[in-house]
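Here this note's numbering is used: position 64 in the sequence shown is 116, and no number is missing along the way. Quick notes on the structure that follows.
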Amino acid sequence: MNPVVRFAPSPTGKLHIGGVRTALFNYLFAKRHDGKFLVRIEDTDKERSKAEYTAQILESLKWLGLDYDEEPIAQSSGGKRYNEVIESLLKSGKAYRCFATNDELQALRDNDKIFLYPGIWRDRKKEDIDKKLKDNVPFTIRLRVPEEGVVSFKDEVYGTITTKISELDDFIITRSDGSPTYNLTVVVDDNDMNISHVIRGEDHISNTPKQILIYNALGWDLPVFGHLPMILGSDGKRLSKRHGAVGTQTFKDMGYLPESLINYLALLGWNPGNNDEIFDINYLINNFSIQNVNKKSAVFDMTKLDWVSSQKILAKKSSELLELINDFDSSWSSENRNNDFLVKVIEIIKDRLKTLSDVKDHSYFFKDPTGFDEDALKKCWKEPTSGIIGQFLSKLKKLDGWNVKIIDDLIRQCVEELSIGMGKLMQPLRLALAGALVGPSMPDLMDVLGKEVCIKRLENILELKQL
Numbered sequence: 053m054n055p056v057v058r059f060a061p062s063p064t065g066k067l068h069i070g071g072v073r074t075a076l077f078n079y080l081f082a083k084r085h086d087g088k089f090l091v092r093i094e095d096t097d098k099e100r101s102k103a104e105y106t107a108q109i110l111e112s113l114k115w116l117g118l119d120y121d122e123e124p125i126a127q128s129s130g131g132k133r134y135n136e137v138i139e140s141l142l143k144s145g146k147a148y149r150c151f152a153t154n155d156e157l158q159a160l161r162d163n164d165k166i167f168l169y170p171g172i173w174r175d176r177k178k179e180d181i182d183k184k185l186k187d188n189v190p191f192t193i194r195l196r197v198p199e200e201g202v203v204s205f206k207d208e209v210y211g212t213i214t215t216k217i218s219e220l221d222d223f224i225i226t227r228s229d230g231s232p233t234y235n236l237t238v239v240v241d242d243n244d245m246n247i248s249h250v251i252r253g254e255d256h257i258s259n260t261p262k263q264i265l266i267y268n269a270l271g272w273d274l275p276v277f278g279h280l281p282m283i284l285g286s287d288g289k290r291l292s293k294r295h296g297a298v299g300t301q302t303f304k305d306m307g308y309l310p311e312s313l314i315n316y317l318a319l320l321g322w323n324p325g326n327n328d329e330i331f332d333i334n335y336l337i338n339n340f341s342i343q344n345v346n347k348k349s350a351v352f353d354m355t356k357l358d359w360v361s362s363q364k365i366l367a368k369k370s371s372e373l374l375e376l377i378n379d380f381d382s383s384w385s386s387e388n389r390n391n392d393f394l395v396k397v398i399e400i401i402k403d404r405l406k407t408l409s410d411v412k413d414h415s416y417f418f419k420d421p422t423g424f425d426e427d428a429l430k431k432c433w434k435e436p437t438s439g440i441i442g443q444f445l446s447k448l449k450k451l452d453g454w455n456v457k458i459i460d461d462l463i464r465q466c467v468e469e470l471s472i473g474m475g476k477l478m479q480p481l482r483l484a485l486a487g488a489l490v491g492p493s494m495p496d497l498m499d500v501l502g503k504e505v506c507i508k509r510l511e512n513i514l515e516l517k518q519l
């Protein structure tokens, strides 16, 4: 049987990195085994769930290329089905009504110990229950947990996990307001959706024994469970907003490509068993194995993400990258719509881009540098510099041709004739042409800018230094 997996986010906030990785690993597992990847929106928290978050989650999955195989299901639509299941548990004696009040339960608590419900309504007489029902006394519904034994399951990541029944109590499956609890709804939904493998975060390990008990009470087959290690921030604590960007939309707005996020998140807790670190989605599908997921928590490293992103950008054709940049920010090129020129610009700067938004650092292709940084001027513009640039400018004006080789030869000739180090010419030259001390190679930069622009900018800085 081909596997069926699901990604089940709660629309109480925007999709975050941890959720994306869970969706990705489910998607890869399904595609690797010719199965189905489904989405279920767990929106039973009526106060916090919002339609806008649902829309954002689905849009993020679409942007990332994690296409689901059927229309998403909303958990809020399952009320009737949950009630049917709860009634069947009551009729079979696998669950019972508990009329204990909060005050009564509080009186039983020992603050020094973890509270386990002592089953005070577990075996009450029918007449006691009927009287409470007649008097409309609020009640919860609890699962009748076996009195002894263990709950054990084989986790695809962590191996066999065993919980003693003595560590559990008759837990609530329906609240006093009539709403079903998470553990009940997730079991019903997974069963009805024919989910074969439940792949989710390790924070759900503690829920699994309770869910297994519900499966057993209903006589349903268990899915295979696999729990993914936590994602931590650089401080070793669970990744959260305090660590900076964690929402998918934020990374999109910062200019990261979806394939960069996919590639990097695949490395958070999984590896292909070799030294490969850059891969496309087809490679991931063909090589992903849930058994290769690490048990150890993964640390989210922005530096590594930036490196992966830079490799993805560098691998793209300049014309394709230009389209992506224009879609991301059409204003980056200051209304310059000469496509051939823009492709040349992209070709010589793409090895310096970590994200699409980094193109804004290269506005010097479209406008003359102004207001040169004083520290940069002090660093590279010494007493002889004006003379050096002046002589270079004089030779530049006399050039007949214009290409990378001619420009490179001119630079080397000037350095040799003046008996100076390359930096004595290159740093002030770069500052004059680009307004900064870092950038693409000088011959490439000058070739793309063109002879007239280079002459104009060199004259501008010489005039500025004479003031």
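Note that the Cβ used here is the ideal one computed from N, Cα and C, for glycine as well. Fair warning: this is a prediction, and the values are worked out from it, not measured in the lab.
* Same chain, Cβ closer than 7 Å to residue 308, five either side skipped, listed in chain order -> 361, 407
* Asked: According to DSSP, is residue 195 helix, strand or coil?
  -> strand
* Taking C-alpha atoms, which residue in 400, 506, 499 lies nearest to residue 492? -> 400
* Asked: From residue 372 to residue 411, what does the alpha carbon distance come to, in whole angstroms?
  -> 15 Å
* Asked: Skipping 5 residues on each side, what residues in its chain have a beta carbon closer than 8 Å to that of residue 428?
  -> 483, 488, 489
* Exposure label - residue 194; buried when at least 16 CB within 10 Å -> buried
* Asked: What is the DSSP secondary structure of residue 207, reduced to helix, strand or coil?
  -> strand
* Which class does residue 72 belong to by DSSP, given the choice of helix, strand or coil? -> helix
* Asked: Under a three-way DSSP split, which group does residue 57 fall into?
  -> strand
* To do: State the Cα-Cα distance for the pair residue 66 and residue 127, rounded to the nearest angstrom.
  => 18 Å
* **7 Å Cβ cutoff, residue 122 in contact with chain D** => No chain D appears in this structure, which consists of one protein chain only.
* For residue 120, name the three-state secondary structure that DSSP assigns. => coil
* Going straight from the alpha carbon of residue 118 to that of residue 258, what length do you get? -> 28 Å
* **alpha helix (DSSP H) segments (min. 4 residues) lying fully within the region 422-480** => 426-432, 437-449, 456-470
* Inter-residue spacing [alpha-carbon to alpha-carbon] between residue 249 and residue 278 -> 7 Å
* Where residue 367 falls, given that 16 or more other Cβ within 10 Å makes a residue buried -> exposed
* Asked: What's the gap between the Cα of residue 181 and the Cα of residue 221?
  -> 20 Å
* Pull up the distance between the alpha-carbon of residue 107 and that of residue 341, whole angstroms please. => 30 Å
* Using the beta-carbon count (16 or more within 10 Å), is residue 389 buried or exposed? -> exposed
* Asked: Sorted by chain position, which residues of the same chain lie with C-beta nearer than 7 Å to residue 383's C-beta, five sequence neighbours on each side aside?
  -> none
* Asked: When DSSP labels each residue in this structure, what does residue 520 get in the three-state scheme?
  -> In the structure displayed, the chain extends from 53 to 519; residue 520 sits before or after that span and is not available.
* To do: Could you name the residues of the same chain whose beta carbon sits closer than 6 Å to that of residue 84, not counting the 5 residues immediately before and after it, in chain order?
  => 337, 340
* Asked: Under the three-state reduction of DSSP, which class applies to residue 500: helix, strand or coil?
  -> helix
* What span of residues does the alpha helix (DSSP H) with residue 267 cover, start to end? -> 260-270
* Quick one: is residue 198 buried, meaning 16 or more other Cβ sit within 10 Å of its Cβ, or exposed? -> exposed
* Asked: What residues in its chain sit with their C-beta under 7 Å from that of residue 476, if we drop five residues either side in the sequence?
  -> 440
* Can you tell which of 79, 95, 139 has its C-alpha closest to the C-alpha of residue 114? -> 79
* Measure the Cβ-Cβ separation of residue 395 and residue 415 and say whether it is below 7 Å. => no
* To do: Alpha carbon to alpha carbon, how far is residue 377 from residue 217? Give it in angstroms, no decimals.
  => 57 Å
* Asked: Of all the options 334, 240, 312, 347, which has the alpha carbon lying nearest to the alpha carbon of residue 355?
  -> 312
* Asked: Is the beta carbon of residue 112 less than 7 Å from the beta carbon of residue 237?
  -> no
* Asked: Looking at the unbroken alpha helix (DSSP H) that takes in residue 147, where does it start and where does it end?
  -> Segment 147-150 is the beta strand (DSSP E) holding residue 147; no alpha helix (DSSP H) there.
* Mind checking residue 594: buried by the 16 CB within 10 Å criterion, or exposed? -> What is shown of the chain runs 53 to 519, which leaves residue 594 out entirely.
* Asked: CB-CB under 7 Å to residue 524, same chain, minus the five flanking residues each way: which ones, in chain order?
  -> Since the first residue shown for the chain is 53 and the last is 519, residue 524 is missing from the structure and cannot be characterised.
* Between which two residues does the alpha helix (DSSP H) containing residue 302 stretch? -> 300-306
* To do: Scan the region 208-255 and note each continuous alpha helix (DSSP H) run of 4 residues or more that stays entirely inside, going in chain order.
  => 234-244
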